[in-house]
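Just below is one structure, and these are the notes that go with it.
Residue numbers (UniProt numbering): 1 to 157.
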C-alpha cells in the first residue's frame with residue numbers, strides 16, 4: 001500500500017456515497033474546514049471508538065467545522081451505525097463498492113478491500129493541513145488532530 005497524499009496537497013476529488021446512496025464528490029465539501037476520520041469498518045471496536053471520540057469529545061469543534069467519517073461500510077450500514085450510536089454531528093461517506101477514495105489516496109488495502117486508518121484535517125479548499133496514518137489496531141492521536149483543526153480554523157468569534 002502506497003499512500004499518495006501528503007500535507008500541503010489537495011485531497012483527490014474522489015466519488016463517495018452519502019445518505020440515501022447519493023454520490024458525493026470530495027470537491028463538493030469545499031468551503032469548510034474538515035476533520036476526515038478514515039476507518040476500515042465501523043462495526044469493529046477501534047473504529048467504533050474512533051468515531052465516537054470524534055463525535056463526542058471534539059471540544060466543541062463540530063460547531064465550527066465538518067467532521068467526516070469515511071469507511072468501506074455501505075451507506076446503509078453507516079446509517080444503521082449512526083442511528084444506533086446516536087451520532088448526528090458527523091457526515092458519513094462510504095467508499096464502497098468502488099473504492100474511488102481509497103484508490104486515489106492510496107489508503108485502500110489491496111488484499112482486504114478496506115481503508116487504512118487515518119486522520120486528516122483539510123482547509124476550506126480541501127488542502128491537507130494535517131495527516132496521521134494510524135496502524136490498523138491503534139487509535140489516532142486525538143489531541144494532535146484537534147489542535148491541528150484549531151490552527152486551521154484560526155481565531156473564532
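Even for Gly, the Cβ is constructed at its ideal location relative to N, Cα and C.
Residue j beta carbon less than 9 Å from that of residue i
{"i": "residue 46", "j": "residue 39", "result": "yes"}
{"i": "residue 95", "j": "residue 71", "result": "yes"}
{"i": "residue 108", "j": "residue 77", "result": "no"}
Residue environment, residue i, which counts as buried when at least 16 other CB atoms sit within 10 Å
{"i": "residue 144", "result": "exposed"}
{"i": "residue 138", "result": "exposed"}
{"i": "residue 6", "result": "exposed"}
{"i": "residue 8", "result": "exposed"}
{"i": "residue 3", "result": "exposed"}
Residue i (DSSP reduced to helix, strand or coil)
{"i": "residue 148", "result": "helix"}
{"i": "residue 113", "result": "coil"}
{"i": "residue 136", "result": "coil"}
{"i": "residue 40", "result": "coil"}
{"i": "residue 155", "result": "coil"}
{"i": "residue 82", "result": "helix"}
{"i": "residue 175", "result": "A query on residue 175 cannot be resolved here, the shown segment of the chain reaching from 1 to 157 and no further."}
{"i": "residue 105", "result": "helix"}
Span of the beta strand (DSSP E), counted from its first residue to its last, around residue i
{"i": "residue 132", "result": "128-133"}
{"i": "residue 92", "result": "91-94"}
{"i": "residue 32", "result": "Looking at the DSSP string, residue 32 is not in any beta strand (DSSP E), and its letter there is neither H nor E."}
{"i": "residue 23", "result": "23-25"}
{"i": "residue 68", "result": "66-71"}
Host alpha helix (DSSP H) of residue i (start-end)
{"i": "residue 55", "result": "45-56"}
beta-carbon residue i near the ligand FAD non-hydrogen atom, thresh 8 Å
{"i": "residue 82", "result": "Looking at this structure, you won't find the ligand FAD or any other ligand, since it has none at all."}
message: Assess contact between the stretch 15-27 and the stretch 84-95, defined as three or more Cβ pairs (one per stretch) separated by less than 8 Å. Is contact present?
response: For the pair of segments examined, the stretch 15-27 was found to touch the stretch 84-95: the number of CB pairs separated by less than 8 Å reaches three.
- request: Determine contact between the stretch 122-131 and the stretch 23-36, defined as no fewer than three beta-carbon pairs at a distance below 8 Å.
  value: Verdict: yes, contact present.
- prompt: Touching or not, the stretch 68-84 and the stretch 109-119, by the rule of three or more beta carbon pairs under 8 Å?
  reply: Remark: three or more beta-carbon pairs, one from each stretch, lie closer than 8 Å, so the stretch 68-84 and the stretch 109-119 are flagged as touching.
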